[in-house]
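What follows is one structure encoded as structure tokens, with my remarks underneath.
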RNA sequence: GGGGGUGUAGUUCAGUUCGGUUAGAACGCCGGCCUGUCACGCCGGAGGUCGCGAGUUCGAGUCUCGUCGCUCCCGCCA
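Numbering (the working numbering), first residue to last: 1057 to 1642.
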């Protein structure tokens, strides 16, 4: 018995032909006489009929069929009688009259039903992932993931990019995320690190003269998980020589456009809007703004800096800022809802959430009495107050104010139904600061990574005013998610050393950790830059899923465990011995 | 590391407020009946370490403490 068709390809035109179908039993309906079986494969479902009058022996055999049995059926495609077609089924106009049945494998009743509309707890799904993956949504997600990857490969190949693999076993470098370490057996006491990204290798490939590189690369970061973060994840990683920001942004846009047209059959307008980091922070409070709705933030520090409301005035005097968010028409939000939002912003360390309900002729607000008429007038103008509005204020250090109101803005956009969930709003955020100050470690840290080139016009500030040096980095943002990021790299040794120094590394340290890069830069490195897409996040958004686990075949739990295989797990003393490792007793 | 949610039949849940006889429902499963269903229908049945461990109590699914899993978020993630 050889399969002739998949379970969704049959239609009225096939009536009369003999076919062999193979698949899983989705459901069996036994009417005592005739038995119906919905046969499922990855393409769809076809109804198979076992009729005792047509073939008694096969009908008899079909009695033993149960859900998720794997069967092969030979039979004739027949048009269903008038009124018996099933419009919910792609193949609903026909059915297959079974003339031969092979039970290829029996199956225990599945732990949960193989259908989309039975919500099953995540741990049970992950433990029986092979069953979970049989459900239509997950099948669709994984297939979509493949099609996006395939479209990306085609596009990059057609545009002269070479797919080149880079090592998984590499060396741990300072900066960045916590590394996953792999002990070396032949070098006792020494460790490889799994790559957080192929960053340095792709730069070396540019230096080697390959000009255009790409890789759909697995990356590893030993940090805590989130709904959109896994410890191992996939990047579409690209790098190009002899280019500037706009070249890379352009090809990245074309890549995304290609994915949209080939996979989603959607036309995506380009070029995408570009926003500087500074502007993004000013208007949205976040470096990955969701531009599917308005509700922009307005800074009001200048208006309130001398006001009678000490909380605001003091914050401004201490270098903080005060910003407002006008929830247009939301005057009817209850006190409890407003309290909930105060709780919401406290998560981001904001110390309070002030608010004003704008009535026809007055402000209803705990803080109204502190402001002069002139100040009220100025505020009303700045944030475009109209009767019926509810305006929120946060006063704090700039980072906290922006973070709190930026997230509150997203929260309100969702809560108030302002978001068009069918929209795909892409934009670029550019000119990120090159570094930030790490309060805990008391030193400067690269915002992107330490190989990002500073903006040439800011070179002068590298030593005097490093926090105000802008970089040649850019992020691609889709619907409030960072889905890609890259930069023009440093390609000259002198500048790279200067950056390492600015980041607090001694020459001995950077020589030891990055000597190979420095000497490569010294060997004729072309100007180059690139970008890496968070492939999982991109697929997640395009699949309309809320969890990255739903677009990864075998994801890990929040504790970074695989419930299917029970990894991680203990290893034998002999294995540890070979690796010269000893587990510390707790 | 911290905060929130959650854990009861194979699965999804109710029961927990205010402790009390035999822990329920739906779906699934098993058996019987049924020749046109497609969430087939009807009848019958089996199925429980109430996550785990202590404690309080005459008595704990229910109260207390601890612990574990899953999950969302903060920190973290160049």
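Built from N, CA and C at the ideal position, the CB exists for glycine as well.
Selection from 1283, 1142, 1233 and 1110 that minimises the alpha carbon distance to residue 1606
As a position in the first chain, residue 1606 is number 550, starting the count at 1. Closest option to residue 1606, Cα to Cα, is 1283.
Under the DSSP definition of a beta bridge, which residues are partnered with residue 1584?
Reading the first chain from its first residue, position 528 is the one you call residue 1584. DSSP output for residue 1584 lists 1297 as bridge partner(s).
Counting pairs of beta carbons, one from the stretch 1367-1380 and one from the stretch 1450-1457, are three or more of them closer than 8 Å?
The stretch 1367-1380 vs the stretch 1450-1457: in contact.
Which ranges would you report for the alpha helix (DSSP H) in the stretch 1459-1525 if only whole runs of at least 4 residues count?
1517-1520
Given 8 Å as the limit, is there contact between the stretch 1264-1282 and the stretch 1195-1214, that is, 3 or more CB pairs closer than that?
yes
How many Å lie between residue 1338 and residue 1349 at the Cα?
Walking along the first chain from the start, residue 1338 turns up at place 282. Walking along the first chain from the start, residue 1349 turns up at place 293. Those two C-alpha atoms are separated by around 16 Å.
Is it buried or exposed for residue 1237, if we count other Cβ within 10 angstroms and need 16 for buried?
The count along the first chain starts at 1 and reaches residue 1237 at position 181. Label assigned to residue 1237: exposed.
Can you find at least 3 beta carbon pairs, one from the stretch 1608-1616 and one from the stretch 1550-1567, that sit closer than 8 Å?
no
Is residue 1449 helix, strand or coil by DSSP?
The residue labelled residue 1449 in the question sits at position 393 within the first chain. Three-state DSSP puts residue 1449 in a strand.
Contacts around residue 1484, its chain only, beta-carbon distance under 8 Å, and the 5 residues preceding and following it disregarded:
Mapped onto the first chain, residue 1484 falls at position 428. Result list for residue 1484: 1305, 1328, 1329, 1330, 1331, 1530, 1531, 1532 and 1533, in chain order.
For residue 1420 and residue 1412, the rounded distance between their alpha carbons
Walking along the first chain from the start, residue 1412 turns up at place 356. Walking along the first chain from the start, residue 1420 turns up at place 364. Going by the C-alpha atoms only, they are around 6 Å apart.
Nearest neighbour of residue 1316, chosen from 1067, 1480, 1560 and 1503 [CA to CA]
On the first chain, residue 1316 is found 260 positions in, with the first residue counted as 1. Residue 1316 has its Cα closest to that of 1480, out of 1067, 1480, 1560 and 1503.
At what residues does the alpha helix (DSSP H) containing residue 1678 begin and finish?
Nothing about residue 1678 can be read from this structure; the chain reaches only from 1057 to 1642.
Enumerate, from N- to C-terminal direction, the unbroken alpha helix (DSSP H) stretches of 4 or more residues contained entirely within the stretch 1531-1586.
1549-1558 and 1563-1577
Limits of the unbroken beta strand (DSSP E) element including residue 1146
Here residue 1146 refers to the residue found at position 90 of the first chain. Membership of residue 1146 in any beta strand (DSSP E) is not indicated, and neither H nor E is assigned to it by DSSP.
For residue 1150 and residue 1084, I'd like the C-alpha separation in whole angstroms.
As a first step, residue 1150 is located in the first chain; it is residue number 94 there, counting from the start. As a first step, residue 1084 is located in the first chain; it is residue number 28 there, counting from the start. Rounded to whole angstroms, residue 1150 to residue 1084 spans 17 Å at the Cα level.
Integer Cβ distance of residue 1581 from residue 1387, believed to fall under 8 Å:
Walking along the first chain from the start, residue 1581 turns up at place 525. Walking along the first chain from the start, residue 1387 turns up at place 331. That pair is no contact at about 60 Å.
In its own chain, which residues sit with a C-beta less than 7 Å from the C-beta of residue 1136, not counting the 5 before and 5 after it?
Here residue 1136 is taken as the residue at index 80 of the first chain, counted from 1. So the list reads 1149, 1150 and 1151, once near-sequence residues are dropped.
Could you tell me which residues DSSP puts in a beta bridge with residue 1291?
Here residue 1291 is taken as the residue at index 235 of the first chain, counted from 1. Paired residue(s): 1273 and 1590.
Verify whether the separation of the beta carbon atoms of residue 1363 and residue 1427 is less than 7 Å.
Residue numbering aside, residue 1363 sits at position 307 when the first chain is read from its first letter. Residue numbering aside, residue 1427 sits at position 371 when the first chain is read from its first letter. In contact: residue 1363 and residue 1427 (Cβ atoms closer than 7 Å).
Give the secondary structure of residue 1212 by DSSP, where H, G and I count as helix, E and B as strand, and everything else as coil.
On the first chain, residue 1212 is found 156 positions in, with the first residue counted as 1. If DSSP states are grouped into helix, strand and coil, residue 1212 belongs with the helices.
For a minimum of 4 consecutive residues, which ranges assigned as the alpha helix (DSSP H) are wholly contained in the stretch 1306-1391?
1333-1340, 1357-1360 and 1366-1373
Report the partner residues of residue 1268 according to the DSSP bridge assignment.
As a working note, residue 1268 is residue 212 in the first chain. Its beta-bridge partners are 1296.
For the alpha helix (DSSP H) holding residue 1441, just list the boundary residues, first then last.
For this step, residue 1441 is matched to residue 385 along the first chain. Premise fails: residue 1441 is in no alpha helix (DSSP H) and is neither H nor E.
Using CA atoms only, rank isn't needed, just tell me which of 1396, 1172 and 1187 is closest to residue 1164.
Stepping through the first chain from its first residue, residue 1164 is reached at position 108. It is 1187 whose Cα lies nearest to the Cα of residue 1164.
What is the residue span of the beta strand (DSSP E) that residue 1078 lies within?
By 1-based counting over the first chain, the position of residue 1078 is 22. It spans 1074-1086 - the beta strand (DSSP E) in which residue 1078 sits, taken as one unbroken run.
How should residue 1235 be labelled, buried or exposed, when 16 other C-beta atoms within 10 angstroms of its C-beta is the threshold for buried?
By one-based count along the first chain, residue 1235 stands at place 179. When all chains shown are included, residue 1235 counts as buried.
The beta strand (DSSP E) that contains residue 1413, what's its start and end?
Locating residue 1413 in the first chain gives position 357, where the first residue counts as 1. Where residue 1413 is concerned, the enclosing beta strand (DSSP E) stretches over 1410-1414.
Is the separation between the beta-carbon of residue 1585 and that of residue 1544 shorter than 7 Å?
The residue labelled residue 1585 in the question sits at position 529 within the first chain. The residue labelled residue 1544 in the question sits at position 488 within the first chain. Against a cut-off of 7 Å, the Cβ pair of residue 1544 and residue 1585 comes out as a contact.
By how many angstroms is the C-alpha of residue 1183 removed from the C-alpha of residue 1621?
Within the first chain, numbered from 1, the residue matching residue 1621 stands at position 565. Within the first chain, numbered from 1, the residue matching residue 1183 stands at position 127. Cα to Cα, residue 1621 sits roughly 8 Å from residue 1183.
For the beta strand (DSSP E) that contains residue 1103, what are its first and last residues?
Numbered from its first residue, the first chain carries residue 1103 at position 47. Its beta strand (DSSP E) spans residues 1100-1106.
By Cβ distance below 7 Å, which residues in the same chain neighbour residue 1307 in space, the five residues on each side in sequence not counted?
Against the first chain, residue 1307 aligns to sequence position 251. Only 1215 meet the Cβ criterion.
Beta strand (DSSP E) containing residue 1239: first to last residue?
Taking the first chain and counting its residues from 1, one reaches residue 1239 at position 183. 1237-1239 is the span of the beta strand (DSSP E), which, as asked, contains residue 1239.
Tell me which same chain residues have a C-beta within less than 8 Å of the C-beta of residue 1197, skipping the five on either side of it?
For this step, residue 1197 is matched to residue 141 along the first chain. 1595, 1599, 1601, 1606 and 1607.
I believe residue 1191 touches residue 1170 by the beta-carbon criterion, under 8 Å. Please report the beta-carbon distance rounded to the nearest angstrom.
Position 135 of the first chain, counting from 1, holds the residue named residue 1191. Position 114 of the first chain, counting from 1, holds the residue named residue 1170. The Cβ separation is near 6 Å, so the contact holds.
Which term fits residue 1340, buried or exposed, when burial requires 16 or more other beta carbons within 10 angstroms of its beta carbon?
Mapped onto the first chain, residue 1340 falls at position 284. Under this definition residue 1340 is a buried residue.
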